[in-house]
Structures are given as C-alpha cells and as structure tokens.
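Chemist: Chains as they are written, first to last, in our numbering: chain A, 34 to 144; chain B, 8 to 120.
The structure's right below; bear with me while I get my questions together.
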C-alpha cells in the first residue's frame, strides 16, 4: 500500500522559472516530511524537511508547503537551475523514524 | 563529519549465487541503519532497519537478510539470488531518536543474470 504518492512522474521547466513538485499522503499519523534529491547512480541527498506543526519551511531557493487537512505537501524551487535536474523524492515519517517514500518525480530544467 | 560507505559499487551475479553488500558509517556512534532497494523506475523500498546491534527488523519478506556485526557496520546478504533481486541498493543512517533525516550512501547497482 503506497502511503506516499507523487502522481507526476516527470516535470519539465525552463531555467529561471519556478518548479513545483507535489506529494500526497494517506497516513494521518505522519508528522514529519522530507524531500530528497537524487542523481542517477548516486544515493539521495537530503534537501529540506517540515514538521507537521508548521505549514511552511524555507531554505534558500527551496520552500516546502504542508497542507495537513488535504494531506498534501509541495516543494517549490525558485529559480530553477540546470543543476536541479534530478529525481525528487517525497518522504514521510510517523514518529518511528522509518521513512515512507514516494515513487519520485524527474525534473528536467531546460536552458 | 559523518560519512557512509558502501561496496561494491556495482555487482553482476548469476541467479542462485550468494550476495554480500557492506555498509559502514564513520563519525557517529549508535546510528540507526537502513537498507533500501530502488527497482527500475520505482521509489525507495525499505528492506531492513536496525536501531542497535542485534536489533534488526525486516520490512518485506524476501530471500534477503541483514546483519549488524558492529555498531557502524550493516551487511545485506542472500544465500541464493533471484532475478527479481536486481536493483539499486542503498544504505542509510540516521541519528536515531534525535533526527528524522536519513543520510544515504552512494549505493550498489546489482544485476542478477
């Protein structure tokens, strides 16, 4: 049962514009959410996270928004750069420190 | 600073052969350790996690097993590989009850032929 869903397998965006990645979850016990970035043949790297007590967290070009009532979170990347081309995974945890991952969204930033 | 190592980086093994993948973490003590698999075009599937030596939990029934012979060493094994075991295997660590963030190693590409 997929508890974390990323319904868009791919996203193409022009350099300098905003990238918006979406993630939905079904488990109401999830209280911490993370985004990871992954290049081919490498391990994922942690990008940004948000606790369920917040609705927004910002770190440089990356902002994560959480809508608990909708069980939805999104990652905004502004402005998008060529180095942002990668697979982005949404993940969630329910206080047990295990992470449930979405299937990922492949972002391609066009010059 | 903390680092995590995995080896080998790539592996091609015939069906029915054994498997041993190793993961070590440096620069921290008492980490939580995890094994994930990423099949082609899929997300990350948690296989095993360990909160301490001799404390290993399996998330998915399969022909794989995990062991933690030392505090910062995590090993993924199989006695007989199946074709379906092919994938990208990732080890990760976290600070246990301190942080939710997990930090991943570089991964091992396993191809079972």
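By construction, the Cβ of each residue, glycine as well, lies at the ideal position given by its N, Cα and C atoms.
If you're wondering where the values come from, they're calculated on a predicted model, not measured in any experiment.
Select from 132(A), 119(A), 123(A) the residue whose C-alpha is nearest the C-alpha of residue 143(A).
Modeler: For the purposes of this step, residue 143(A) is taken as the residue at position 110 of the first chain. The shortest Cα separation from residue 143(A) among 132(A), 119(A), 123(A) belongs to 119(A).
Chemist: Pick out the complete alpha helix (DSSP H) segments inside the stretch 48 to 96 of chain B, 4 residues or longer, and give them in chain order.
Modeler: none
Chemist: Under 8 Å: do the stretch 88 to 97 of chain A and the stretch 38 to 48 of chain A share three or more Cβ pairs, one atom per stretch?
Modeler: no
Chemist: Using only CA atoms, which one of 41(A), 51(A), 58(A), 53(A) lies nearest to residue 132(A)?
Modeler: Position 99 of the first chain holds residue 132(A). Checking every option, the nearest Cα to that of residue 132(A) belongs to 58(A).
Chemist: What residues in the stretch 39 to 62 of chain B bring their beta carbon closer than 9 Å to a beta carbon of chain A?
Modeler: 39, 41, 43, 45, 48, 49, 50, 51, 52, 53, 56, 58
Chemist: List, from N- to C-terminal side, the alpha helix (DSSP H) runs of 4 residues or more that fit wholly inside the stretch 35 to 116 of chain A.
Modeler: none
Chemist: Using a threshold of 8 Å, state whether the C-beta atoms of residue 13(B) and residue 98(B) are closer than that.
Modeler: For the purposes of this step, residue 13(B) is taken as residue 6 along the second chain, with counting starting at 1. For the purposes of this step, residue 98(B) is taken as residue 91 along the second chain, with counting starting at 1. Contact: yes.
Chemist: Quick one, which residues of the stretch 73 to 103 of chain A are near chain B if we go by CB-CB under 8 Å, in chain order?
Modeler: 74, 75, 76, 77, 78, 79, 82
Chemist: Please state whether the Cβ-Cβ distance between residue 112(B) and residue 76(A) is less than 8 Å.
Modeler: As a working mapping, residue 112(B) is identified with position 105 in the second chain. As a working mapping, residue 76(A) is identified with position 43 in the first chain. Against a cut-off of 8 Å, the Cβ pair of residue 76(A) and residue 112(B) comes out as a contact.
Chemist: Just reading off the beta strand (DSSP E) that residue 2(B) is part of, what are its end residues?
Modeler: With chain B covering 8 to 120 only, the question about residue 2(B) has no answer from this structure.
Chemist: Are residue 35(B) and residue 9(B) touching if we call contact CB-CB under 8 Å?
Modeler: As a working mapping, residue 35(B) is identified with position 28 in the second chain. As a working mapping, residue 9(B) is identified with position 2 in the second chain. Going by C-beta atoms, residue 35(B) is nearer than 8 Å to residue 9(B).
Chemist: Using the rule of at least 16 other Cβ atoms within 10 Å of the residue's Cβ for burial, across every protein chain shown, is residue 26(B) buried or exposed?
Modeler: For the purposes of this step, residue 26(B) is taken as the residue at position 19 of the second chain. Buried.
Chemist: Using the DSSP secondary-structure output, state which residues sit across from residue 32(B) in a beta bridge.
Modeler: For the purposes of this step, residue 32(B) is taken as residue 25 along the second chain, with counting starting at 1. In the DSSP output, where bridge partners are listed per residue, residue 32(B) has 11(B).
Chemist: Tell me the DSSP secondary structure of residue 18(B) in three-state form.
Modeler: One-based indexing of the second chain puts residue 18(B) at position 11. Strand at residue 18(B).
Chemist: DSSP three-state call for residue 109(B): helix, strand or coil?
Modeler: For the purposes of this step, residue 109(B) is taken as residue 102 along the second chain, with counting starting at 1. Coil, per DSSP.
Chemist: Check whether chain A comes within 8 Å of residue 109(B), counting only Cβ atoms and requiring the distance to be less than that.
Modeler: Locating residue 109(B) in the second chain gives position 102, where the first residue counts as 1. Under the Cβ distance rule, residue 109(B) counts among the residues neighbouring chain A, one pair being separated by less than 8 Å.
Chemist: My understanding is that residue 40(B) touches residue 100(B), with C-beta atoms under 8 Å, so please give their C-beta distance in whole angstroms.
Modeler: Position 33 of the second chain holds residue 40(B). Position 93 of the second chain holds residue 100(B). About 6 Å separates the two Cβ atoms, so the contact holds.
Chemist: Quick check: residue 72(B) and residue 84(B), are their CB atoms within less than 8 Å of each other?
Modeler: The residue given as residue 72(B) occupies position 65 in the second chain. The residue given as residue 84(B) occupies position 77 in the second chain. Their beta carbons are under 8 Å apart, which means residue 72(B) touches residue 84(B) by this criterion.
Chemist: So, residue 121(A) versus residue 54(A), is the Cβ gap smaller than 8 Å?
Modeler: For the purposes of this step, residue 121(A) is taken as residue 88 along the first chain, with counting starting at 1. For the purposes of this step, residue 54(A) is taken as residue 21 along the first chain, with counting starting at 1. Yes; because the gap between Cβ atoms is below 8 Å, this pair is in contact.
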